Each structure stands twice: as C-alpha cells, then as structure tokens.
Amino acid sequence: MPDGSSIVLGAALENAIPFAATHELIRQGKRDLNVVAPISDISTDMMIGTGCVAEVTGAWVGNVSGGMGHNFRRATEHGEPNPIKVHDYSNFTIGMAFFAGAYGLPYVPVKSILGSDIIKSNPQIRLAENPFAAEPDPVALIPALKPDVAFLVVQRADRAGNSHIWGSTGLTQEASIASEKIIVLADEIVEPEVIASDPSRVLIPGFGVNAVCHLPAASHPSPLIGRWKRDNAFFHHYHKETRDPDSFQRWVDEWVLDLPDHKAYRTKLGGELEELRIEGEAYSAPANYATD
Amino acid sequence: MPDGSSIVLGAALENAIPFAATHELIRQGKRDLNVVAPISDISTDMMIGTGCVAEVTGAWVGNVSGGMGHNFRRATEHGEPNPIKVHDYSNFTIGMAFFAGAYGLPYVPVKSILGSDIIKSNPQIRLAENPFAAEPDPVALIPALKPDVAFLVVQRADRAGNSHIWGSTGLTQEASIASEKIIVLADEIVEPEVIASDPSRVLIPGFGVNAVCHLPAASHPSPLIGRWKRDNAFFHHYHKETRDPDSFQRWVDEWVLDLPDHKAYRTKLGGELEELRIEGEAYSAPANYATD
Amino acid sequence: MHKYSTQELMIIAAARQINDGERIFVGMRLPITAYGVARLTHAPNAVGLFESGVARYEPAEDMLYTMCDGPNQFGAAWTTGLIQIMGLLSGGRVHAGFIGGAEIDRFANINTSYIGDFENPTTKLPGSGGAPDIAAMAERLIVIINHQKHRLVEKVDFITSPGHLTGGDARKKAGLPGGGPSVVITDRAILRPHGPENELHLASVHPGHTVEEVIENTGWDLKTTPDLEETPAPTKEELDALHRIDKEGFWRS
Amino acid sequence: MHKYSTQELMIIAAARQINDGERIFVGMRLPITAYGVARLTHAPNAVGLFESGVARYEPAEDMLYTMCDGPNQFGAAWTTGLIQIMGLLSGGRVHAGFIGGAEIDRFANINTSYIGDFENPTTKLPGSGGAPDIAAMAERLIVIINHQKHRLVEKVDFITSPGHLTGGDARKKAGLPGGGPSVVITDRAILRPHGPENELHLASVHPGHTVEEVIENTGWDLKTTPDLEETPAPTKEELDALHRIDKEGFWRS
Chain A
485 MPDGSSIVLG AALENAIPFA ATHELIRQGK RDLNVVAPIS DISTDMMIGT
535 GCVAEVTGAW VGNVSGGMGH NFRRATEHGE PNPIKVHDYS NFTIGMAFFA
585 GAYGLPYVPV KSILGSDIIK SNPQIRLAEN PFAAEPDPVA LIPALKPDVA
635 FLVVQRADRA GNSHIWGSTG LTQEASIASE KIIVLADEIV EPEVIASDPS
685 RVLIPGFGVN AVCHLPAASH PSPLIGRWKR DNAFFHHYHK ETRDPDSFQR
735 WVDEWVLDLP DHKAYRTKLG GELEELRIEG EAYSAPANYA TD
Chain S
485 MPDGSSIVLG AALENAIPFA ATHELIRQGK RDLNVVAPIS DISTDMMIGT
535 GCVAEVTGAW VGNVSGGMGH NFRRATEHGE PNPIKVHDYS NFTIGMAFFA
585 GAYGLPYVPV KSILGSDIIK SNPQIRLAEN PFAAEPDPVA LIPALKPDVA
635 FLVVQRADRA GNSHIWGSTG LTQEASIASE KIIVLADEIV EPEVIASDPS
685 RVLIPGFGVN AVCHLPAASH PSPLIGRWKR DNAFFHHYHK ETRDPDSFQR
735 WVDEWVLDLP DHKAYRTKLG GELEELRIEG EAYSAPANYA TD
Chain B
52 MHKYSTQELM IIAAARQIND GERIFVGMRL PITAYGVARL THAPNAVGLF
102 ESGVARYEPA EDMLYTMCDG PNQFGAAWTT GLIQIMGLLS GGRVHAGFIG
152 GAEIDRFANI NTSYIGDFEN PTTKLPGSGG APDIAAMAER LIVIINHQKH
202 RLVEKVDFIT SPGHLTGGDA RKKAGLPGGG PSVVITDRAI LRPHGPENEL
252 HLASVHPGHT VEEVIENTGW DLKTTPDLEE TPAPTKEELD ALHRIDKEGF
302 WRS
Chain F
52 MHKYSTQELM IIAAARQIND GERIFVGMRL PITAYGVARL THAPNAVGLF
102 ESGVARYEPA EDMLYTMCDG PNQFGAAWTT GLIQIMGLLS GGRVHAGFIG
152 GAEIDRFANI NTSYIGDFEN PTTKLPGSGG APDIAAMAER LIVIINHQKH
202 RLVEKVDFIT SPGHLTGGDA RKKAGLPGGG PSVVITDRAI LRPHGPENEL
252 HLASVHPGHT VEEVIENTGW DLKTTPDLEE TPAPTKEELD ALHRIDKEGF
302 WRS
C-alpha cells in the first residue's frame, strides 16, 4: 500500500474497528494517508498522532469513551505533528458517498445535509434543485467516494476471503465494495463449507477480497459481536495518556511501535484480553437451505 | 386496500412471489391497480387477465417458464380485457427507484439505462449532465417510487411481523420499505425468541409491518428457499391454458375464483404440493450473539 | 418527594418527550437512558433506532458504552447497516431524534464541529456523526445540553445540525423536511421554540432553579413563554424505571 | 468427431467467450449452461453473477428453471439483494454479460420490448429485465440469438439494450461506460463488430453451415471479417462438461 492512499479502517462505527491494521500501518511508517470512514474512534487519532495522515474524510473523530481525540485537535488546531485537511460529512451523506462509489452512481442527491454548514466546509458537496419538483426544492449532491483500500474485521472467513459478519455493520458493505482493494482480518478461519452453509450471512464475498489475515481480537479495544467485549478502560487509558505529544509518544511506543506484531500485542494484553473474550453461547436459530 | 392502489406483489424476482395475495386480490375484484415490481412472473399476467390492472410499472412481464404472458399481450396489443399503461424500467433502475423511495432520496442518477429507448417510452426518466464531471457526462435521473402496499413472502415471522428471510431477496427490502404499508405472508409463525436470536437475518423489522398472515406455500408455484420447490409444470400448464380469453377464464375460475381461500387452493393441489415440500435439512452454521 | 440528581431529572424530562408507539432516533449516553425510561413507563411500544444499524424494542440488559456494544445488539429487533436505519430517518419514518451539542443558539442551531472559523478553528470538536441528518429529517428534534452561557449562545460559530436556522420558516425555505427542534432540555430548564420567529423561549424551570439564574446562564436575551411552568419532579415510577436501566448508578451522582 | 446438436455447439461457443478468473453476468437457460461448461473446462476460477442477488463459484448441482431456484442458492458464494449484485455491474466490476433477445440489428442493438411503435405495438414482448443494465455496464457483452432474417434486422424497432447504437463511437458519446457487444453467437454463425463503424460482421461459420446461408438469413447486407473462419467443433472435454451440467439432455436434441 503506497503512501498517499485513501483507506477505510472500519466502517461499522464503534464495533469491529481493525486496530490491528492501524497498528501495522503505524509501524510501517505510512505517510500522507487519507483516512476515510464515518467514525473510526481512536484508530484515526493514533494514526494522526504518528504523522501518517494528511487528510481525514468522515463525520466524527474522537474517543467515543473519552470525548475529544487529542491528536486530532493538535493537528487541526496547531498543525502538530503535521497539518491535516478535514473533509466533513455527516454519517448518512458519507454513507451515500460510499453507496455511490460502490454501485457506480456518479453522485446521490440528499436532503439530510441541507441547512448544515458542512455544505460550506466541504466544497465537494453541491447544492442543486430537484428537477422533478414543481416548486423550488433544494437538494445536496454528494459525489461518489472510492477509497483505495478497505480493512474490515469479520467474525469468520474461509481462506478465500468469503466472510460471515453478524451484528450491526454500519457502512462496512458499501465502504468495502466502493474500495479498490479489500483486506479481511478474520477472527477465525473456517472451512469453506461453514461459510457456504449460509450465503445470506456473507457481507463481502471472497471474489472481491484481495487478502485475508487470521488475527484474533484484531478489533481490540473495540468489540466484535459474539467474540470480544469492548475494552472501555483501554479507551479511557488512551484518553488520559495522550493529552500531550510526549505522553502520546510513550503510549504509542509501548502499545504499537515497540511491539513487532499483533500477536505480541495480544500477549502484552494477556489476562486483560482474556477477560474480554466472550465465553457464553447465544446461537442463532438455524436456517434451512435444503433443495429437496 | 382501495381500488387504484399501487402494489408490490413480490420483488425478489422469481422466488417468494406472494401468489396467495394475488389470488385474494383477484377474488375481491380489485380494480385500477398499478402493479409495481421488477418481475412478478405470472402473478402480474393473471391480475391483468381478470381486469384488476390499469398500470404496470416494471421491467418484465411474462411467464419465466413459458415465455410470453398471454394476458399481458392481449391487454397491451388489443386492450383486452382493458387497456393498460406500461411504465418501463430496467431491473437496476427500478431498484434505484425503490431505493430512493425507501430512503428519502428524490431521485438517483444512473448510467445503466443510457442508450436504451426506455428513456423515450418512460418519460419519468430524465437525462441530465453530471455536474461533477469536467467533460460532458450524461446521466439518467430515476425518480423515487413509493408504492402503496407491498406484499412479501417470508420463511418465518413472529406475530408482530418481525421476519426472517434467507436466499436471494432481489428488491424485497427496498420495495417494502419504500411502500406505505407492508403485508407479510409467513410460511411459519414462530416465537419472538426465534427471530430475536438472529437480528441480522431480519430483512424487514416488525415495527414496519402492518399485517402478518400465516399462509404456508403462499408463494406456490414460485419457490421459497428451504421450504418449497418451484412448480415448473404449473407455470407450463398456465401458459398452455391461457392462450385465449375463454381458456384463461376457465383457468382462473378453477384455480382462483371458485376457491374460497388459500387453504382450499392448497387442498386442491394436494399431493402435487406435498411433492414440492422440501424435506431435506441443510442448516446454516450458527452465529453466536452472546455478550459475556 | 423522592431524591434525584440533576442528571436524573434531565433524563426523565427527556423521557417524557417520547410518545408511545413512536420511532425514536436514540443517541448515546443520556438519550439512550431516556429511551429506556420511556419504554418502561409511558411508552411501552416505542422503538429505538441507532445509526450504526440497530433497532431495539426493549432497552439493552447491560450497561452500554457505545450503541455498537454487544448488549445493544443481542435480542435486537434488527441489526443491519447504517443506510437501512438512517434511511428510515431520511425516508420520513422517524418521529423524533435526540441529539446533544457543544453550542446551541437562540434558533436552536447546534455546533459540534468548529469553535472559531472553520478554516482556522480555535477548537476542533469531534464533528457531526449523524446529528445533521437527524436534525434535518426527524419529525421533531429533542436537544440535550448543559446550561452554561458559553454553550447557549446568540449565534453558533458553525451550524453542524440545523435548528430553525435564521428563524421563522427558514427551515422550510432551505428545503428541510423535518420539523426541527421542538424542545431543548438542560440541567436547569426546558426551552422551546415559541412565536412566529421560532426563537427558543424558557418554557419550564427545573425544581431548585430560578428564572433569573437560567436567564443569567443563557447567552442571549432569553424570553419566557406565556405558560412558563416548573418542571414536574420525577415520579417514583420514573425513578424506579431509571434505576432499573442505570443499574450502576452512573447518572445518580 | 463427436456428435453434438446445434444448441450444444452454441452453448460451447458461448462458453469459450468466458476467460478464467472473470466475473460473468449470467442470464437464464443457455448462458447459465455456458457458464457451467466454462467453469468445468478452461475457466475454473470464473464467478457467476445472477441479478436476483446470487453469486456462485461452482455451477448448481441440479437443473435450474430460474436463477432463483433453490439449487442456485444452495452453496452459493453470496445470496443477497439485486442492488448488491447489479451494483457490481454498475460499479464496473463485471467483465462480461450474457443476454439474448427477440431482435438484434447491424449495430448489435437489442429489442426485447416492442415490435412496432412502442405507443401502439403490434407485439408486446415481455420487456427488459436487467438486460439494458448489463448491456450498458459490462466490460463486454455476449449476445445469443437464433439466426433468422426477422430476428437479425437492419434496425430494431426499439432499443431495449444498447449495442453500438448508430455505430462508431456512438456508445461513448451516449455516456455508456461498458464496451458493448463483442460477439453475437447464433445457431448458424458467430458475428463480431468490425471496423471503425462497429457494424456486425460474419466472423465464423458453424460446421455444416455456409456463408451464403448465413447471409441469406440476415436482415442486412452482412459483410465478413478478413479472418473469417469455421467455428471449431466441440471437443470431447467440452461435450463431457456440457453433459455433466445438462444431465437430462435438455440441450441435446
């Protein structure tokens, strides 16, 4: 993945955020990225703090548990560690931008951003008149977004990338399909028969997937439904420990740069991670696909 | 449901067509309906033949097994039993029209109908220029469609209309949500816990549903995945028996008008229906929704 | 009279804005708790919608840190995508939405984006999330905000989520389908748009607070509605419901 | 040499148009069988897409009457909605599409809607289905049609699915992203657009048929490509694959 790429690090909002990918991109010292997503919680903040980011395209950047993202503020208010350009969207309008990008529409006309100054701060969004209305009827035109790479966390996938996801998915499907490449981080790798047993639970089919990585707990500290609980304390800890650039550097050294890979991260978390593992069983009622 | 309503009788294409609802609307002698769907196979043809229909909004009307729909031809070519107005769409453009209707977009700009004379035969579709393109870049604007009532067949629902569907769904979700009212025909009524065990398999939640009917095999002769096979012979029989108005009248008397309800229809089918019942078991792998 | 905290009163005042059978766009924290209280008291048939892609009947059994946490998904009416849920809003199927904000002005426009000029802000706030969509499209909007002079201002620096814009029928002229803010609930009072200008007026003062104090802590010349009242104290039923939801007493202090 | 029917030759000629690894928009009947033959012979990594909302790797195990039948859904790669699958097409992710038609003209425009004037047709055909979308958006289009003079006409009465429109770069001028028809397979021959006008030329004659016969049964002054050839007869491998798919011999007679 070259510097300057536009990337989606999760688009499900507060669950299934691919932090393992975030960490690896930070370790690889990627630069000038455009981070595209409605909300990717502190994933975006830590990438900004390590100087990976030139642009943010989205609806919200912060810490869902703690409030503000300190690195986001430093970058936007003081240009530290580097200035970043913010492309403002609301959640629904970025959703429509991904939808348009995924399904070949040049733009989508919406009502839901009218009256907001986001139309002023994001010149990509244009006002127009609805040509079907008899009376004046303003609409906002949202052009298609087509990121370069989407990373997504799924509960299970086969080796070809055919993936099952359950629970709310935010914009995962639209953002992934809109992207040129898709990288799947699978909590579990299963036999193809498991995925094929339920093709309606496939959100992204394998033929659209460019790479699959088996990475348990790749979404930590965000939750993965039925697999891992949210590590709320970790978010609060991050908020407290990143108030200034020096403390952020210590945090990112400890939790990202000094670790060789996600396995070392899991080992470092140790018992804390084990406590987040979901042990209970609450299974879906089966669906029958028999043909005869 | 008043005369003159616009109705969706299935939008999954060739499966899960709510023939039970079609038959009941014919029995009730509804008039001046606008039948809206990409494809509803012979459901549309038999409604036209009984004089229920004033308009057809869709992409294809015929008999998927047999070819032409004789009543559709008689109505469009000779105004028998009454003239009908056809609003032409392609499958993707009617999909975008439902999407727009469902999700509050006034229209959707698409590329995929350019070059087709459907733009001439359907004046609702307008040509425009993509304002985001530097070079001339024509697009076709598809206005939102918002039918009055959608009927859909689901494998299982609870009494509140929370419904599970699996297999391909065509435009079921968009067409239903775009419609003012939704009527669910459930092959099986289950306890609420069954549906709630897998909220990601819900295509239409109960709070959007206006009525639920327990009607096994409501989609006969079209298939319902995991429940009923396609009755291909029935489609061929229909094609052969409806070549002229008299033989169609005999067919519709025998299979619709002379029967009081869908139970009588199932009884009349008898062993033929039993042979279509899927007895095998090919269950989906379970998904865990446990939280702890 | 029962003991309650200011936060508890705010939640209960917010819960009272929900009518039975309504589809409510619920945000995080306070609104999610308000939804739960309403469901357990006077609105047993309300439906809660969460923009990440969740619809629920019963409030979640466990504490939620975010709307995406497992307990909000387990036993949900629907777990789906953002477009499906926010599409209900955009399609005009949502009765009311709840949002908060950093700043609100006298026409109930809300800022959660930029303090200062947006091209060179003094403070960059986290941003909009889905709030503009909710403010634009819900039949009515319920706003919850802490009542401080620097938050309730004459004019916000940036309209993230449209209220009544420049007042009067400006919303309609701007093409906004939803009705806009119908009520602003603070920790001191309840404000409502009043008169042809749709300017926020003081409609109700919480027990233990005064009109003067509320006006002093508001950044514009706050007028009162003719039928100004005192916010009714929480009932035992309401507090019991709140304590059932807020098991850990998060909102009690 | 192996025995085969004309229909079998058409299917095998169509199967040869599919390259390995491609995403193919598959229609019903003949194309679905052609896809299966390609997968079992030279294109084991092709993916089949069905507009109702199905994507498959392996061809279905049982006879399909429609793309929505159970055997096409069981073990599929993806069962989803029409927008997701046709959206791949619209998003430029589909290499080739297969369609048929009632009429085709010398620029490979296809009519499945109206014979005569559309406002007062002499024959109303069933309509477009997803064919216009496939014709507009697929990187290339494979057309299958029976070779009769009233089907291969100078100019279709109604362009349901755009071919090369008025020829030359008319497609591009009309804003169509996909490449348009690359081949027309009939029961007598294979036609391809040729030259700057993109007019359909005779490119290959099936064994047992003659150039003269093909020209006689074409409704315009059909020219031949410089490298006119005879369509290679089906190989044993191809026929074996076809008989594995077409268990009941539906296409054999």
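Residue numbers (this note's numbering), protein chains in the order written: chain A, 485 to 776; chain S, 485 to 776; chain B, 52 to 304; chain F, 52 to 304. We treat Cβ as the ideally placed atom computed from N, Cα and C, and that holds for glycine. Computed from a predicted structure; not experimentally measured.
| query | result |
| --- | --- |
| So, are the CB atoms of residue 323/F and residue 151/F less than 8 Å apart? | In the structure as shown, chain F starts at 52 and stops at 304, and residue 323/F therefore has no counterpart that could be examined. |
| Give the C-beta separation of residue 596/A and residue 141/B to the nearest angstrom, bearing in mind that I take them to be a contact with Cβ-Cβ under 8 Å. | 5 Å |
| Assign residue 223/F to one of two classes, buried (16 or more other C-beta atoms within 10 Å of its C-beta) or exposed (fewer than that). | exposed |
| Using a beta-carbon distance cut-off of less than 8 Å, what residues from the region 186-205 of chain F approach chain S? | 186, 187 and 188 |
| Quick test of the definition: if touching needs 3 or more C-beta pairs under 8 Å, does the region 758-767 of chain A touch the region 627-638 of chain S? | no |
| Starting from the beta carbon of residue 682/A, find every residue of chain S whose beta carbon is closer than 7 Å, and list them in chain order. | 768 and 769 |
| Can you give me the Cβ contacts of residue 114/B inside the same chain, cut-off strictly under 8 Å, excluding the 5 residues immediately before and after it? | 122, 298, 299 and 301 |
| May I ask you to report which of helix, strand or coil DSSP gives residue 575/S? | helix |
| Compute the Euclidean distance between the alpha carbons of residue 621/S and residue 169/F, then round it to the nearest angstrom. | 27 Å |
| Report the option in 664/A, 644/A, 617/A and 487/A whose CA atom is closest to the CA atom of residue 635/A. | 664/A |
| Within 8 Å (strictly less), CB to CB, does residue 726/S reach chain B? | no |
| Going by alpha carbons, who is nearest to residue 461/A out of 602/A, 599/A, 611/A and 605/A? | Shown here, chain A extends from 485 to 776; a query on residue 461/A therefore has no answer. |
| Would you mind sorting residue 776/S into buried or exposed? The rule is 16 or more other CB atoms within 10 Å of its CB. | exposed |
| Our contact map puts residue 193/F next to residue 234/F with C-beta atoms below 8 Å; I'd like the distance itself, whole angstroms only. | 6 Å |
| Check each candidate in 506/S, 513/S, 511/S and 774/S and name the one with the smallest Cα separation from residue 528/S. | 506/S |
| Could you check which residue in 578/S, 719/S and 701/S has the C-alpha nearest to that of residue 754/S? | 701/S |
| Please report the distance separating the alpha-carbon of residue 598/S from that of residue 226/F. | 7 Å |
| Less than 8 Å between CB atoms is the rule here; does residue 545/A satisfy it with respect to chain B? | yes |
| Which residues, in order along the region 54-74 of chain F, keep a beta-carbon less than 8 Å from a beta-carbon of chain A? | 74 |
| Report yes or no: is there a C-beta of chain B within less than 8 Å of the C-beta of residue 674/A? | no |
| Exposed or buried, residue 693/S, counting other C-beta atoms within 10 Å across all chains shown (16 or more means buried)? | buried |
| Check for me: the alpha helix (DSSP H) holding residue 751/S runs from which residue to which? | 746-753 |
| Is the CB of residue 228/F under 8 Å away from at least one CB in chain S? | yes |
| Between the Cα of residue 524/S and those of 543/S, 488/S and 686/S, spot the shortest distance and give me the residue it belongs to. | 543/S |
| Determine the closest residue to residue 498/A out of 577/A, 660/A, 589/A and 653/A, with distance taken between C-alpha atoms. | 653/A |
| Using the beta-carbon of each residue, which ones in chain B are nearer than 8 Å to residue 561/A? | 172, 173, 174 and 175 |
| When we look at the beta-carbon of residue 500/S and count the other beta-carbons within 10 Å, is it buried (16 or more) or exposed? | buried |
| Can you tell me the Cα-Cα spacing of residue 42/F and residue 640/A, whole angstroms? | This structure does not reach residue 42/F, given that chain F is present from 52 up to 304, and the question cannot be answered. |
| Can you tell me where the alpha helix (DSSP H) holding residue 719/S begins and where it ends? | 716-725 |
| Residue ranges of each alpha helix (DSSP H) run of no fewer than 4 residues wholly in the region 166-225 of chain B, ordered along the chain? | 182-188 and 221-224 |
| Helix or strand or just coil, what does DSSP make of residue 460/A? | Absent from the model: residue 460/A. The displayed extent of chain A is 485 to 776, so no value can be given. |
| Going by beta carbon distance, what residues of the same chain come within less than 6 Å of residue 69/B, once the five residues before and after it are set aside? | 75, 89, 94 and 97 |
| Residue 597/S lies in the beta strand (DSSP E); which residues open and close that run? | Element bounds for residue 597/S: n/a, residue is neither H nor E. |
| To the nearest angstrom, how far is the alpha carbon of residue 80/B from that of residue 105/F? | 40 Å |
| Any idea which residues DSSP pairs residue 712/A with across the strands? | 708/A and 761/A |
| For the candidate residues 102/F, 268/F and 202/F, whose alpha-carbon lies nearest to that of residue 156/F? | 202/F |
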